[in-house]
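Enquirer: Residue numbers (this note's numbering): 441 to 891. Glycine included, each C-beta is placed from N, C-alpha and C at the ideal position.
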């Protein structure tokens with residue numbers, strides 16, 4: 441009898457997951473088979489930071505529930521992606537070589553964060569890791585050069601996450617360009633956009649967004665900013681438009697609403713929605729702070745945009761009403777002006793929006809439809825500063841930082857389920873595929889599963 445009940449419950453869970461997937465009007469539309477079972481882009485199958493299917497362990501450490509651990513060469517804070525048995529991650533491997541000639545130096549900054557620069561060649565590398573064993577399948581160096589730009593002391597020259605459609609891999613290294621590879625590691629095409637001029641040596645970090653037959657890159661910097669749509673098969677430009685923008689690190693987001701596909705960008709001067717086919721502006725708004733990093737997220741036709749540098753901004757937009765300049769219209773359903781994230785992206789799951797204050801370990805949860813606070817600024821014990829984004833699976837939220845991964849119960853009431861200690865630091869965001877939890881640290885890639 442107990443087995444029958446368990447079987448019925450499991451069946452209901454699967455049916456619920458199927459209906460949930462079918463009703464989503466976002467990144468999972470018109471996607472390859474098994475998209476919901478993989479993690480093909482930075483913020484997962486729905487672009488919200490939430491896994492559709494999966495239940496990884498709550499408690500883990502260097503021995504408990506550890507499936508495997510693999511040392512990764514070089515450095516990189518980019519979140520890995522997972523497709524079937526492949527984990528794809530990007531890294532910059534330093535060498536002891538210097539390029540001929542003197543390296544270009546930058547003018548000293550009057551203010552800003554401590555930055556670092558190198559005169560040594562970096563090997564910009566794409567790595568495939570076996571999902572079941574942790575064995576490195578292959579490593580492909582796609583570029584060798586000395587980065588012209590500086591980066592934040594806590595940053596890295598491989599901070600952009602890759603993406604895939606299950607057939608091809610798109611590895612983006614910002615000023616190094618974008619590279620299309622197959623799953624054997626062969627480079628099929630590449631495209632160079634030139635050199636970025638990021639504000640105050642903060643470094644680079646925006647990721648590409650893949651949807652149907654196009655790949656989108658948001659190139660916001662102190663020079664001429666632009667938005668570009670590439671043919672995913674060839675790398676040829678479908679359209680490219682200049683943007684009146686300063687530096688941002690946000691990743692674009694694509695969705696279909698009212699029969700129209702929109703490419704939405706979050707940035708300081710304006711939030712913009714572009715027509716997927718032509719690049720024509722559909723709607724726009726203002727209201728973000730400087731140094732925009734969090735990407736747009738969407739659930740049930742409601743879009744959420746956030747920033748948190750020297751100020752706080754959060755807008756909820758009803759996409760069915762969004763047309764033209766929506767700044768002072770009822771298309772903006774509600775606003776919230778405190779406790780918002782600077783670097784970490786928000787997590788949108790089960791009708792609730794979770795986010796961290798600036799770069800600190802203080803969690804807030806709002807009702808996504810109304811903006812009502814369920815709780816605010818709840819302290820995550822063991823976490824003071826963090827740069828990774830929260831990830832949701834089942835009824836749990838995973839938040840990674842220095843040597844610590846806190847697991848919080850999802851829902852209206854704040855509850856810490858576990859505080860897990862590891863021998864590594866984390867700036868990449870947790871990834872969930874099935875019952876596996878993947879954590880990319882500064883030194884190693886971890887896989888945890890319930891044992």
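For a quick check, are the C-beta atoms of residue 521 and residue 602 less than 7 Å apart?
Expert: Taking 7 Å as the Cβ cut-off, residue 521 and residue 602 qualify as a contacting pair.
Enquirer: Helix or strand or just coil, what does DSSP make of residue 490?
Expert: Strand at residue 490.
Enquirer: Determine the DSSP secondary structure at residue 639, reduced to helix, strand or coil.
Expert: DSSP places residue 639 in helix when its eight states are reduced to three.
Enquirer: So who's on the other strand from residue 579, going by DSSP bridges?
Expert: Answer is 567.
Enquirer: For residue 743, which option in 719, 721, 787 has the closest C-alpha, if you only look at C-alpha atoms?
Expert: The residue with the shortest Cα to Cα distance from residue 743 is 787.
Enquirer: Assuming residue 772 contacts residue 785 (C-beta within less than 8 Å), just tell me the rounded distance between them.
Expert: With 8 Å as the limit, residue 772 and residue 785 do not qualify as a contact, their Cβ atoms being about 20 Å apart.
Enquirer: For residue 885, does the count of other Cβ atoms within 10 angstroms reach 16, so buried, or fall short, so exposed?
Expert: The residue in question, residue 885, is buried, as its Cβ has 16 or more Cβ neighbours within 10 Å.
Enquirer: Taking only the alpha-carbon atoms, compute the straight-line gap between residue 715 and residue 705 and give it to the nearest angstrom.
Expert: For residue 715 and residue 705, the distance between alpha carbons rounds to 12 Å.
Enquirer: Can the beta-carbon of residue 612 be found closer than 7 Å to that of residue 596?
Expert: No, these two residues do not count as a Cβ contact at 7 Å.
Enquirer: Could you tell me how far apart the beta carbons of residue 747 and residue 780 are, in whole angstroms, since I believe they sit closer than 8 Å?
Expert: Yes, they are in contact, since the Cβ atoms of residue 747 and residue 780 sit about 7 Å apart, within 8 Å.
Enquirer: Using alpha carbons as the reference points, say which of 507, 824, 782, 721 lies closest to residue 708.
Expert: Among 507, 824, 782, 721, the Cα nearest to that of residue 708 is on 782.
Enquirer: Identify whether residue 543 lies in helix, strand or coil by the three-state DSSP scheme.
Expert: The predicted model places residue 543 with a pLDDT of 47, which falls under 50 and marks its position as unreliable; any figure quoted below should be read in that light. Here residue 543 sits in coil by DSSP.
Enquirer: For the beta strand (DSSP E) that contains residue 659, what are its first and last residues?
Expert: Counting along the chain, the beta strand (DSSP E) containing residue 659 begins and ends at 654-659.
Enquirer: Would you report the Cα separation of residue 537 and residue 577, rounded to the nearest angstrom?
Expert: Spanning the two alpha carbons is a distance of roughly 26 Å.
Enquirer: Write down every uninterrupted run of the beta strand (DSSP E) in the segment 681-705 whose length is 3 residues or greater and which is fully enclosed by it, in chain order.
Expert: Listed in chain order, the complete beta strand (DSSP E) runs (minimum 3 residues) inside the segment 681-705 are 693-697, 700-705.
Enquirer: Within the segment 717-790, note down every full beta strand (DSSP E) run reaching 3 residues or more, in order along the chain.
Expert: Whole beta strand (DSSP E) segments, 3+ residues: 721-725, 737-739, 742-747, 753-758, 772-776, 787-789.
Enquirer: Would you check if there are 3 or more beta carbon pairs closer than 8 Å linking the segment 651-660 to the segment 558-570?
Expert: Too few Cβ pairs lie closer than 8 Å, so no.
Enquirer: Assuming contact is defined by CB atoms lying nearer than 7 Å, are residue 833 and residue 494 in contact in what I supplied?
Expert: Yes, Cβ-Cβ distance for residue 833 and residue 494 is below 7 Å.
Enquirer: Looking only at its own chain, which residues have a Cβ that is under 6 Å from the Cβ of residue 731, when we skip the five neighbours before and after it?
Expert: 749.
Enquirer: For residue 496 and residue 889, which I take to be in contact (beta-carbon distance under 8 Å), what is that distance rounded to the nearest angstrom?
Expert: Correct: roughly 7 Å between the Cβ atoms.
Enquirer: Anyone know if the C-beta pair for residue 808 and residue 791 falls short of 7 Å?
Expert: Yes. Within cutoff.
Enquirer: Can you check whether the CB of residue 735 is closer than 7 Å to the CB of residue 691?
Expert: Yes. Within cutoff.
Enquirer: Taking its Cβ as the centre, do 16 or more other Cβ atoms sit within 10 Å of residue 449, making it buried, or is it exposed?
Expert: In this prediction, residue 449 scores a pLDDT of 39, lower than 50, which makes its location untrustworthy; the coordinate-derived value is nonetheless stated afterwards. The residue is exposed, with fewer than 16 neighbouring Cβ atoms inside 10 Å.
Enquirer: For the beta strand (DSSP E) containing residue 844, name the first residue and the last one.
Expert: That run of the beta strand (DSSP E) goes 842-849.
Enquirer: Should residue 519 go down as buried or exposed, given a rule of 16 or more other Cβ atoms within 10 Å for buried?
Expert: Answer is buried; the Cβ neighbour count reaches 16.
Enquirer: Taking the Cβ atom as the reference point for each residue, do residue 580 and residue 566 lie within a distance shorter than 7 Å?
Expert: Result yes, Cβ atoms of residue 580 and residue 566 sit closer than 7 Å.
Enquirer: By Cβ distance below 8 Å, which residues in the same chain neighbour residue 722 in space, the five residues on each side in sequence not counted?
Expert: 700, 702, 713, 714, 715, 762, 763, listed in sequence order.
Enquirer: Quick check: what's the CA-CA separation for residue 548 versus residue 535?
Expert: Because the pLDDT at residue 548 is just 45, under 50, the model does not fix this residue reliably, and the value given afterwards should be weighed accordingly. Their backbone Cα atoms lie some 25 Å apart in a straight line.
Enquirer: Whose CA, out of 504, 481, 891, lies closest to the CA of residue 529?
Expert: The option with the nearest alpha carbon to residue 529 is 481.
Enquirer: What is the DSSP secondary structure of residue 651, reduced to helix, strand or coil?
Expert: Correct three-state label for residue 651: strand.
Enquirer: So, with DSSP's three-state summary, where would you put residue 477?
Expert: Helix at residue 477.
Enquirer: With distances taken from CA atoms, which of 631, 876, 804 is nearest residue 674?
Expert: Closest by alpha carbon: 631.
Enquirer: According to DSSP, is residue 645 part of a helix, a strand, or is it coil?
Expert: In the structure shown, residue 645 sits in coil (DSSP, three-state: anything other than H, G, I, E or B).
Enquirer: In three-state terms, what does DSSP make of residue 614?
Expert: Residue 614 falls in the helix class under three-state DSSP.
Enquirer: Helix, strand or coil for residue 591 per DSSP?
Expert: Three-state DSSP puts residue 591 in a strand.
Enquirer: Would you give the residue range spanned by the beta strand (DSSP E) that residue 800 belongs to?
Expert: Element bounds for residue 800: n/a, residue is neither H nor E.
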